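S.K.:
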Ligand SMILES: Nc1ncnc2[nH]cnc12
Ligand SMILES: [Zn+2]
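Numbering (UniProt numbering), first residue to last: 1 to 351.
1) Would you mind working out which of 253, 237, 92 sits nearest residue 206, comparing C-alpha positions?
2) Is the beta carbon of residue 73 sitting closer than 9 Å to the one on residue 125?
3) Would you kindly work out how many angstroms separate the C-alpha atoms of residue 352 and residue 255, rounded to a whole number?
4) Whose CA, out of 310, 297, 170, lies closest to the CA of residue 99?
5) Buried or exposed: residue 48, going by 16 or more other Cβ atoms within 10 Å of its Cβ?
6) Does the beta-carbon distance from residue 110 to residue 178 come in below 9 Å?
7) What runs of the beta strand (DSSP E), each 3 residues or longer, lie entirely inside the segment 168-222?
8) Taking the alpha-carbon of residue 137 as reference, which of 92, 209, 337, 59 has the nearest alpha-carbon?
9) Suppose you measure from the CA of residue 223 to the CA of residue 108; what does that come to, to the nearest Å?
10) For residue 139, name the three-state secondary structure that DSSP assigns.
11) Say yes only if the C-beta of residue 289 is nearer than 8 Å to one or more non-hydrogen atoms of ligand 2, and no if none qualify.
12) If you count every other CB in all the chains shown that lies within 10 Å of the CB of residue 82, and 16 or more means buried, which is it?
13) Can you tell me whether residue 365 is helix, strand or coil according to DSSP?
14) Once DSSP output is grouped into helix, strand and coil, what is the label at residue 326?
15) Less than 9 Å between the C-beta atoms of residue 200 and residue 187, yes or no?
16) Use the C-beta contact count for residue 129: other C-beta atoms within 10 angstroms, 16 or more gives buried, fewer gives exposed.
17) Counting C-beta neighbours from all protein chains within 10 Å, is the total for residue 225 16 or more, i.e. buried, or is it exposed?
18) Over what stretch of residues does the alpha helix (DSSP H) that includes residue 148 continue unbroken?
19) Can you check which of these residues, 311, 4, 12, 249, is closest to residue 342 by C-alpha distance?
20) Excluding sequence positions up to five away, which residues of its chain have a Cβ less than 6 Å from the Cβ of residue 105?
21) So, do the segment 234-249 and the segment 274-285 have three or more beta carbon pairs nearer to each other than 8 Å?
22) Quick one: does the C-beta of residue 60 sit closer than 8 Å to a heavy atom of ligand 1?
23) Let me make sure I understand the geometry here. Which of 131, 344, 33 has the alpha-carbon closest to that of residue 427?
Below, the structure written as structure tokens:
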């Protein structure tokens with residue numbers, strides 16, 4: 001254990017890059033498959049047991065290799081109660097790791113295309129959000145993600161469904177995102193839905209520069225008017241763009257353990273964290289799909305410390321950027337900033 005472990009455990013965190021379906025553990029997956037009578041692929045030996053599935057998760061070769069398992073896993077989720085349990089179990093773990101505010105992604109199209117109603121998903125997740133706030137004081141927002149391997153028309157239909165239920169105007173859904181297979185599915189395909197979201201006053205983010213090159217980042221910013229970039233590790237390949245992102249205070253939501261598991265980098269030390277800090281690029285550290293990538297948010301913080309040996313002031317700047325880049329209300333941000341100050345004061349002697 002590093003001497004920074006107690007500090008990093010206590011540091012108040014905001015999580016901005018967490019796919020709720022990616023928090024489905026192999027144990028819960030098998031349990032739900034049984035209770036919901038869902039057949040798992042008989043021709044894939046990975047599905048023989050919890051252990052073989054876990055072992056397969058340690059050998060992903062790419063984003064698409066992972067996504068194949070991710071979409072099979074979530075087929076076991078059927079009812080409002082399944083989604084509530086999934087959400088609540090994530091909040092329990094996040095709270096234990098020092099998360100005070102979470103902005104969580106969900107993939108409605110992956111559910112509606114297999115016959116689970118959009119509102120079943122949202123009812124379950126919002127019930128989990130309410131319980132997490134009451135039980136742990138963790139505040140949260142929902143971000144509706146469009147699947148980029150599907151069409152712009154299909155994204156538009158999902159947008160309309162959420163809009164017709166009043167989920168944008170009543171704050172049930174705070175913003176939109178874009179995920180799934182990146183290369184070959186550039187952000188501008190979804191420009192129209194992003195412009196509708198902007199007109200409706202919704203927050204906007206997109207996965208960009210995970211496997212895709214740095215132009216996926218500039219196109220998300222320029223053509224879809226996103227306010228955050230998810231992953232964004234290829235930003236370092238275009239220093240002019242990087243300086244613009246820094247000047248605009250655009251938050252990059254990094255996911256270190258994910259990037260290693262999906263072979264975007266061979267080790268955490270290869271991530272551009274030092275370049276981001278030195279150039280004033282704001283970023284948060286997140287868990288992406290913790291059940292698939294071997295760790296929740298604190299594991300990601302610890303992996304970064306292991307690789308970069310940051311000091312307390314640098315960690316404070318990361319914690320502050322995460323709060324300022326959150327989409328919560330200003331009074332909530334003020335509370336969280338004060339908690340960070342108190343934590344840093346408590347660990348002031350840490351070298
Ligand atoms: N890391 C990731 N990249 C793109 N789409 C995703 N969906 C879930 N996790 C993802
Ligand atoms: Zn992601």
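Cβ coordinates follow ideal geometry from the N, Cα and C atoms, glycine included. Treat the numbers as computed from the prediction; the structure is a model and nothing was measured.
M.R.: Result, derived from the coordinates:
1) 253
2) no
3) Coverage of the chain is limited to positions 1 through 351, which leaves residue 352 absent and any answer about it impossible.
4) 297
5) exposed
6) no
7) 175-179, 203-208
8) 92
9) 24 Å
10) strand
11) yes
12) buried
13) Nothing in the structure corresponds to residue 365, since the chain is present only between 1 and 351.
14) coil
15) no
16) buried
17) exposed
18) Unbroken run through residue 148: none, as it is neither H nor E.
19) 12
20) 19, 143, 145, 177
21) yes
22) no
23) Lying before the first or after the last residue shown, residue 427 is absent from the chain, which here runs from 1 to 351.
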